[in-house]
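These protein sequence lines map, in sequence, to chains A and B.
Going by the numbering used here, the first sequence wraps up at 508, each residue one higher than the last.
Going by the numbering used here, the second sequence wraps up at 512, each residue one higher than the last.
Backbone N, C-alpha and C fix where the C-beta goes; we use that ideal spot for every residue, glycine too.
Just below is one structure, and these are the notes that go with it.
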Amino acid sequence: MLEALGLTSVDQLFEDIPPALRATRLDLPEPEPELHLAARLSALAARNLTDLASFLGAGVYRHWSPPAVDQMLLRGEWYTAYTPYQPEISQGTLQSIYEYESLLAELVGLDVVSASHYEGAAATAEAALMTCRATRRDRVLVSRAVHPHYRETLRTYFGGDLELEEVPLVGDGDAAGTTDLAALERLLGDTARPVAGVIAAQPNFLGLLEPMPAIGELAHAAGALFVAVVEPVSLAVLAPPGEYGADIAAGEGQPLGIAPQYGGPYLGILACTDALVRQIPGRLVGLTTDLDGQRAFVMTMRAREQDIRRDKAASNICTNQALLALAASVYLATIGPHGLRDVASLGAARASELEQALAAVGVPRVHTGPYLNEFAVRVPDAPAVHRRLLDRGVLAGLVLAEAEPDDPSLADGLLVCATEVTTAEEIALFADALGEVLGGRPPTAVEAGAGSDRRIAAGGVR
Amino acid sequence: MSVTGPRLQPTIFELGRSGRGGGKIPHPPKDALDRIPTAARRAVPPALPEMNEPDVVRHYVNLSQLNYAVDTGFYPLGSCTMKFNPKLNEWAARLPGFANLHPMAPDAAAQGTLQLLFELEVALAEISGMRAVSLQPAAGAQGELTGILMIRAYHRARGDSERSEVLVPDSSHGTNPATASMAGYTTVTVPSAADGGVDLDAFRAALGPRTAAVMITNPSTLGLFEARIGELLTAVHEVGALAYMDGANLNAIMGRFKPGEAGFDVMHFNVHKTFSTPHGGGGPGAGPVGVGETLLPFLPEPRILREEDGSFRLERTGERPTSIGRMRSFVGNTGVLVRAYAYIRAHGGSGLREVSDDAVLAANYLKHRLAGTYDIPHDRACKHEFVASAATIKKRTGVRTLDIAKRLIDYGFHPPTIYFPLIVEEGMLIEPTETESIETLDAFAEALIAIAGEAATTPDLVTGAPHDAPVRRLDEATAARQPNLRWRPMTGVQTPCPD
Chain A
47 MLEALGLTSV DQLFEDIPPA LRATRLDLPE PEPELHLAAR LSALAARNLT DLASFLGAGV
107 YRHWSPPAVD QMLLRGEWYT AYTPYQPEIS QGTLQSIYEY ESLLAELVGL DVVSASHYEG
167 AAATAEAALM TCRATRRDRV LVSRAVHPHY RETLRTYFGG DLELEEVPLV GDGDAAGTTD
227 LAALERLLGD TARPVAGVIA AQPNFLGLLE PMPAIGELAH AAGALFVAVV EPVSLAVLAP
287 PGEYGADIAA GEGQPLGIAP QYGGPYLGIL ACTDALVRQI PGRLVGLTTD LDGQRAFVMT
347 MRAREQDIRR DKAASNICTN QALLALAASV YLATIGPHGL RDVASLGAAR ASELEQALAA
407 VGVPRVHTGP YLNEFAVRVP DAPAVHRRLL DRGVLAGLVL AEAEPDDPSL ADGLLVCATE
467 VTTAEEIALF ADALGEVLGG RPPTAVEAGA GSDRRIAAGG VR
Chain B
14 MSVTGPRLQP TIFELGRSGR GGGKIPHPPK DALDRIPTAA RRAVPPALPE MNEPDVVRHY
74 VNLSQLNYAV DTGFYPLGSC TMKFNPKLNE WAARLPGFAN LHPMAPDAAA QGTLQLLFEL
134 EVALAEISGM RAVSLQPAAG AQGELTGILM IRAYHRARGD SERSEVLVPD SSHGTNPATA
194 SMAGYTTVTV PSAADGGVDL DAFRAALGPR TAAVMITNPS TLGLFEARIG ELLTAVHEVG
254 ALAYMDGANL NAIMGRFKPG EAGFDVMHFN VHKTFSTPHG GGGPGAGPVG VGETLLPFLP
314 EPRILREEDG SFRLERTGER PTSIGRMRSF VGNTGVLVRA YAYIRAHGGS GLREVSDDAV
374 LAANYLKHRL AGTYDIPHDR ACKHEFVASA ATIKKRTGVR TLDIAKRLID YGFHPPTIYF
434 PLIVEEGMLI EPTETESIET LDAFAEALIA IAGEAATTPD LVTGAPHDAP VRRLDEATAA
494 RQPNLRWRPM TGVQTPCPD
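Okay, structure coming up:
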């Protein structure tokens, strides 16, 4: 090629870099042959502790992902293509996105589903920005029982001219741990500062079920939009946002067949009513026909997007999570509506067993309200207990004092969950270990290694 | 129905039949949901399709075959760096130790991944000449927003509240002005100079006490290195503004130019471009940001810290009060970053420099092959991509760049990016990448030359293209005017399933 160009060295192609700004080398390790690199990567992966009896959820859940899901994703036609700018040779991706939009629309009960955002927190931030654009107001209320990472992300996105306020939670009684409706009403009543949107999660971060219809009514009465943050598997059994009047649904799609993989790539779900279709950011795929009248799919309503509208776009999003949207679709198609209901119900059943087993060793729930498959328990000196259980092969959920340091009611809390992959043996191991740790008896050597030969039955898409 | 050709597929909603599927999940106890209040329960079950696994698999395999992809052929989509995605990286990301790690697992359970991420930050800092890197942003555009929010935090921390503008050249990616708007800034678009580079005088005229930042893509979206970058960075800093580098085109300059050393204050990396992580039909990506000393305090949280004993931990919420905060949940798109790490280790420092050398050589070779048939508006050494134009062909024959792009499909190639950057008439932005053989480059050049001939002799053949794709050109106007964005049974009646 150099010869064809009449050059003697590739250096000649870099002469336009000003000499004073030229770099000479990269101080990085030498190239590594695949055999050695594979060993290095295996060793790094093996340093992580994943063979644990895990009760950790907090927004990311272990589920059985049928191997068909990952095997479909491994087809190069899916994962080595890009955005379907040329619809004639991208009908696979386009139809799969249209099917994703349709499947999620069924699940959330809203008509318009964006073809994916980065993950749950960024999707929620986009939802909050949508409410400001749609209402031309600039104040958003978020329940304190929305995941702390989501609230932190909202704060980052709202650092400019937009205002974000948190709605406190009920302190005691049966509604403890859920959004305080009286406080919400007071915040909405400040007519000098009208509210664009109200954000609440179902189930909430503490696993509790929120009075979503009531929150929605209060929001709408004040002229605000209602954003529901949802967990998609739960929607097989819990009322979907469309049933209780939410205008926008946002959430984390990871539970739909996607592996935990330490934070992503996941799937940001964002959906809205027809009335808000011009405000929703992200790709939309619609059904149309080709010149021969043949049914086909195409990216549409592109005038909302950054490559067309530039500084007037609904968002700067370009690259999204299309492959994970595909994973969710294959998961839903493979597991089916009855399977999904079984996943959610079995998780609830396992969580009931977990609640009983922990109560039997003197570890009660923090709250009394209904939950689906995740709840907080009160454990004296929770951070230390959590560490000691890890030594015994148990990942005892989330230390709430670390996740919600500003809430004294959670100081002794562990947030624990169960799903369909949780086994009776894991629950027994957790309860026994917890009982012993709290009883003060030091673990025996056998007990200390009790978790080491366990294999967690959670496959998934990465 | 054709035996070998791509076949359009019914939707999964048309394939579902009541009673199919099952066998995946054990049945729960009948009373599993009894403790859930009726008011919180779903009244109408979601109408998801019921399918057997073989039908699901066949559906998605057949659908996949309607796609063009890097694994099926040459994909010279300018600005997107559609290089080969090494298969080792897919294997690595699926190792159970990586894949099954919960993002809120204690640091003690995540030492392998934390070490990998820490080493990746160090490598990206070296490649970019930046002081430090955050891996948190989920994609390039989110990296841009992270960078601009850090710049905003920097000005505010200095009590400098008058800065309201972000300057971008007219050749910039759409994400740049969209990002500036999201951060509450007004975008000022600066025209390019005749040679395709930044117009230094125009920039100097636009710069002032209201300028918060300048966003520059280097090499530019025309595939040209900004020869006046040193002067521009000096001018930016003289007025107290900061310089953002859009790293979309980093694939051209590894080991040749380090933006941080040259004076950029912040940049993002598109690991799905430069570092070979798959594009996934639109995503996922990852968009780490690198910063110089100035913006170091403002990096998003959590950072990954190495303790004195050599162990790693995540920064705690609020531990560094100057941080702009979180951009998203958890640490980042770790599964994507594992792949990027594997790519960087496989190539090493010398290999990455060769990557850039070969990408630039391939682009210059292809440009050379097309010169004379297509207009080359900026005929000097390009970097990893270049713009060709069909302006003269259009004038002579009426055939447009869009038509030529569609005709390339019949020749078995993915078309380049077309009509971007916006400043070139009938432009096509061609990026071959370093992973293509000279035979592929020659075949592509010959196809484009043949199409130029067809434009003169049989223009209808070109304007009617594609002829061999699964579908012909689409009615995009109706799709936008009467959006059909979800399946409803009625839709199937209106437009019957193809088979």
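Report yes or no: is there a C-beta of chain B within less than 8 angstroms of the C-beta of residue 60(A)? Proximity of residue 60(A) to chain B, defined by a Cβ-Cβ separation below 8 angstroms, is satisfied.
3-residue-minimum beta strand (DSSP E) runs that sit fully inside the stretch 430-501 of chain B, ordered along the chain: Within the stretch 430-501 of chain B, the complete beta strand (DSSP E) runs of at least 3 residues are 440-443.
For residue 328(B), which three-state DSSP category applies? Collapsing the DSSP output to three states places residue 328(B) in coil.
CB of residue 439(B) within 8 angstroms of CB of residue 476(B), strictly: No; because the gap between Cβ atoms is not below 8 angstroms, this pair is not in contact.
Along the chain, where does the beta strand (DSSP E) that runs through residue 485(A) open and close? Here residue 485(A) belongs to no beta strand (DSSP E); instead the alpha helix (DSSP H) covers 470-485.
Which residues, in chain order, does the stretch 335-353 of chain A contribute to contact with chain B at a C-beta distance below 9 angstroms? Along the stretch 335-353 of chain A, going in chain order, the ones with a CB nearer than 9 angstroms to a CB of chain B are 335, 336, 337, 338, 339, 340, 341, 342, 343, 344, 345, 346, 347, 348, 349, 351, 352, 353.
How long is the line joining the alpha carbons of residue 374(B) and residue 396(B), rounded to whole angstroms? Linking residue 374(B) to residue 396(B) through their CA atoms gives a straight-line distance of about 8 angstroms.
In or out: residue 177(B) buried (at least 16 other Cβ within 10 Å) or exposed? Its Cβ having fewer than 16 others within 10 Å, residue 177(B) is exposed.
Just to make sure I have the definition right: I need the residues of chain B whose C-beta is within less than 8 angstroms of the C-beta of residue 135(A). Which are they? What residue 135(A) touches in chain B: 79, 80, 81, 422, 427, 479, 482, 483.
So the candidates are 410(B), 187(B), 387(B); which of them puts its Cα closest to the Cα of residue 401(B)? Closest by C-alpha distance to residue 401(B), out of 410(B), 187(B), 387(B), is 387(B).
DSSP beta-bridge partners for residue 318(A)? In the DSSP assignment, the residues bridged to residue 318(A) are 158(A), 294(A).
Terminal residues of the beta strand (DSSP E) in which residue 280(B) lies: 279-282 is the span of the beta strand (DSSP E), which, as asked, contains residue 280(B).
Below 8 angstroms on the Cβ atoms is my contact criterion, and I expect residue 282(A) with residue 190(B) to pass it. Report the Cβ-Cβ distance as a whole number of Å. At roughly 42 angstroms, the Cβ-Cβ gap does not stay under 8 angstroms, so residue 282(A) and residue 190(B) are not in contact.
What three-state label does DSSP hand residue 178(B) in the structure shown? Look at residue 178(B) here: in three-state DSSP terms it is strand.
In terms of alpha-carbon separation, which member of 438(A), 452(A), 462(A), 457(A) lies closest to residue 444(A)? Nearest in C-alpha terms to residue 444(A), of all of 438(A), 452(A), 462(A), 457(A), is 462(A).
So with CB distances below 9 angstroms, who are the chain A contacts of residue 311(B)? Neighbours of residue 311(B) across chain A, judged by C-beta separation under 9 angstroms, do not exist; the nearest C-beta is about 11 angstroms away.
Buried or exposed by the 16-neighbour rule on C-beta atoms within 10 Å, applied to residue 287(B): Answer is buried; the Cβ neighbour count reaches 16.
In the DSSP assignment, what are the bridge partners of residue 532(A)? Only positions 47 to 508 of chain A appear in this structure, which leaves residue 532(A) out of reach.
How long is the line joining the alpha carbons of residue 141(A) and residue 478(B), rounded to whole angstroms? A straight line joining the alpha-carbon of residue 141(A) with that of residue 478(B) spans about 21 angstroms.
Measuring only between beta-carbons, confirm whether residue 178(A) sits less than 8 angstroms from chain B. Not an interface residue.
For residue 351(B), three-class secondary structure by DSSP: Here DSSP, grouped into helix, strand and coil, assigns residue 351(B) to helix.
Bridge partner(s) assigned by DSSP for residue 345(A): Listed as beta-bridge partners of residue 345(A) by DSSP are 331(A).
Please classify residue 145(A): is it buried, with 16 or more other beta-carbons within 10 angstroms of its beta-carbon, or exposed? That one is buried.
Helix, strand or coil at residue 138(B) according to DSSP, with G and I counted as helix: DSSP, reduced to helix, strand and coil, places residue 138(B) within a helical segment of the structure shown.
Between the stretch 288-309 of chain A and chain B, which residues of the former have a C-beta closer than 8 angstroms to a C-beta of the latter? Answer in chain order: 289, 298, 305, 306, 307, 308, 309.
Taking only beta-carbon positions, decide if residue 115(B) is within less than 8 angstroms of chain A. The beta-carbon of residue 115(B) is placed less than 8 angstroms from the nearest beta-carbon of chain A.
Give me the DSSP bridge partner(s) of residue 248(A). When beta bridges are read from the DSSP output, residue 248(A) appears opposite 276(A).
Measuring alpha carbon to alpha carbon, tell me which residue in 348(B), 360(B), 365(B) is nearest residue 114(B). Cα-wise, what sits closest to residue 114(B) is 348(B).
Drop a sphere of 10 angstroms on the beta-carbon of residue 471(A), count the other beta-carbons inside from all chains shown, and report buried for 16 or more, exposed for fewer. Residue 471(A) is exposed by the Cβ-count criterion.
Would you call the CB atoms of residue 154(B) and residue 192(B) closer than 8 angstroms? Yes.
Which residue's Cα is closest to the Cα of residue 195(B): 311(A), 413(A), 358(A)? Looking at the Cα atoms, 358(A) is the closest of the given residues.
Under the three-state DSSP convention, the category residue 399(B) falls into: Strand at residue 399(B).
Check the Cβ of residue 158(A) against every Cβ in chain B and list those closer than 9 angstroms, keeping chain order. Going along chain B in sequence order, the residues near residue 158(A) (Cβ under 9 angstroms) are 496, 498, 499.
Residue 310(A) and residue 376(A) closer than 8 angstroms at C-beta: Not closer than 8 angstroms, so no.
With distances taken from CA atoms, which of 205(A), 378(A), 280(A), 230(A) is nearest residue 66(B)? With distances taken between Cα atoms, residue 66(B) lies closest to 378(A).
CB-CB length for residue 186(A) against residue 178(A), believed under 8 angstroms: Right, their Cβ atoms sit about 7 angstroms apart.
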